[in-house]
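Notes follow the structure.
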């Protein structure tokens, strides 16, 4: 069934749109099943679980580290960086200046450049994390000062609703801003990812230029 889910979604995704299988709360065995089905890109949102699964896939199943691409997609506290940054191929959820500065400092101390997406707060919920547009503009105007961070694009979550028009309004906002930034900073070669869309709205996200969708429930179940 899991293979069927991955194959079905992959057939629908346009060429060039990356599928991040969100394996949070599911056992390592489910990740291995997805791996056997051909999936190579996984997302987790809790630091301890993220670190454990990265190590388990290598140590328990013998999967070479470079065969998998690990994304951290949740809110990351600065005291948990050591559980995430040594392993993450992409941190999708940099959502505050405090976190960005801490990632830069960790990268400098550990001689590693960290790939990140800047999270734009686009949903209506007050609890959502993220920057406003002006903050992201300020960061990218100063991008050269972050010598151990590579800005790879933006991430956002639409309002949790069944109203497609509200979702489309959210995706329009982030997609328009993303295009504006791409035009404004043509020399920022790495800034080319737009991570929007989850199990309930990924088809809409693709219409608005998503280069990456984060799908959990539709692959692994509840």
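In our numbering, the protein residues as written are 8 to 229.
The beta carbon of each residue, even a glycine, is placed where N, CA and C say it ideally should be.
Quantities reported herein were computed from a predicted structural model and do not represent experimental measurements.
According to DSSP, residue 219 sits in a beta bridge with which residue or residues?
Walking along the chain shown from the start, residue 219 turns up at place 212. BP columns for residue 219 point to 25 and 202.
For the putative contact between residue 101 and residue 123, defined by C-beta atoms under 8 Å, what is the C-beta separation to the nearest angstrom?
For this step, residue 101 is matched to residue 94 along the chain shown. For this step, residue 123 is matched to residue 116 along the chain shown. Correct: roughly 5 Å between the Cβ atoms.
Pull the bridge partners of residue 121 from the DSSP assignment, please.
Within the chain shown, numbered from 1, the residue matching residue 121 stands at position 114. In DSSP, residue 121 forms a bridge with 156.
Could you pull out every residue in the same chain whose Cβ sits closer than 6 Å to the Cβ of residue 70, ignoring the five residues on either side in sequence?
Position 63 of the chain shown holds residue 70. Excluding sequence neighbours, residue 70 sits near 64.
Residue 114 and residue 80: beta carbons closer than 9 Å?
The residue you call residue 114 lines up with position 107 of the chain shown. The residue you call residue 80 lines up with position 73 of the chain shown. Cβ atoms of residue 114 and residue 80: not closer than 9 Å.
Quick one: is residue 126 buried, meaning 16 or more other Cβ sit within 10 Å of its Cβ, or exposed?
By one-based count along the chain shown, residue 126 stands at place 119. By the neighbour-count rule (16 or more Cβ atoms within 10 Å), residue 126 is buried.
For residue 138 and residue 91, believed in contact at Cβ under 8 Å, the rounded distance
The residue you call residue 91 lines up with position 84 of the chain shown. The residue you call residue 138 lines up with position 131 of the chain shown. Actually they do not touch by this definition, with Cβ atoms about 19 Å apart.
Classify residue 81 as helix, strand or coil using the three-state DSSP reduction.
Position 74 of the chain shown, counted from the first residue, corresponds to residue 81. Three-state result, residue 81: coil.
Find out if the Cβ-Cβ distance for the pair residue 176, residue 206 is shorter than 9 Å.
For the purposes of this step, residue 176 is taken as the residue at position 169 of the chain shown. For the purposes of this step, residue 206 is taken as the residue at position 199 of the chain shown. No, these two residues do not count as a Cβ contact at 9 Å.
Is the distance from the Cβ of residue 208 to the Cβ of residue 174 below 9 Å?
Counting from one through the chain shown, the residue named residue 208 turns up at place 201. Counting from one through the chain shown, the residue named residue 174 turns up at place 167. Closer than 9 Å, so yes.
On the DSSP bridge list, what partners appear for residue 248?
With the chain represented from 8 up to 229, any question about residue 248 goes unanswered, as that position is not in the structure.
Once you ignore the five residues that flank residue 218 on each side, which residues in its own chain have a CB closer than 8 Å to its CB?
Indexing the chain shown from 1 puts residue 218 at position 211. Only 23, 24, 25, 160, 199, 200, 201 and 202 meet the Cβ criterion.
Nearest candidate by alpha-carbon position, reference residue 36, set 61, 52 and 54
As a working mapping, residue 36 is identified with position 29 in the chain shown. Residue 36 has its Cα closest to that of 61, out of 61, 52 and 54.
Delimiting residues of the beta strand (DSSP E) encompassing residue 99:
The sequence position of residue 99 within the chain shown is 92, counting from 1. From DSSP, the beta strand (DSSP E) with residue 99 extends over 97-101.
Given that a residue counts as buried once 16 or more other Cβ atoms are within 10 Å of its Cβ, and exposed if not, what is residue 148?
Here residue 148 refers to the residue found at position 141 of the chain shown. Exposed, by the Cβ-count rule.
Within 9 Å, strictly: CB atoms of residue 163 and residue 216
For the purposes of this step, residue 163 is taken as the residue at position 156 of the chain shown. For the purposes of this step, residue 216 is taken as the residue at position 209 of the chain shown. Not closer than 9 Å, so no.
Expressed to the nearest angstrom, what Euclidean distance is found between the alpha-carbon atoms of residue 214 and residue 66?
Translated into the one-based positions of the chain shown, residue 214 becomes position 207. Translated into the one-based positions of the chain shown, residue 66 becomes position 59. Residue 214 and residue 66: Cα-Cα distance of roughly 39 Å.
By the 10 Å Cβ neighbour count, where 16 or more other Cβ atoms means buried, how is residue 187 classified, buried or exposed?
Your numbering for residue 187 matches position 180 in the chain shown. Residue 187 comes out exposed.
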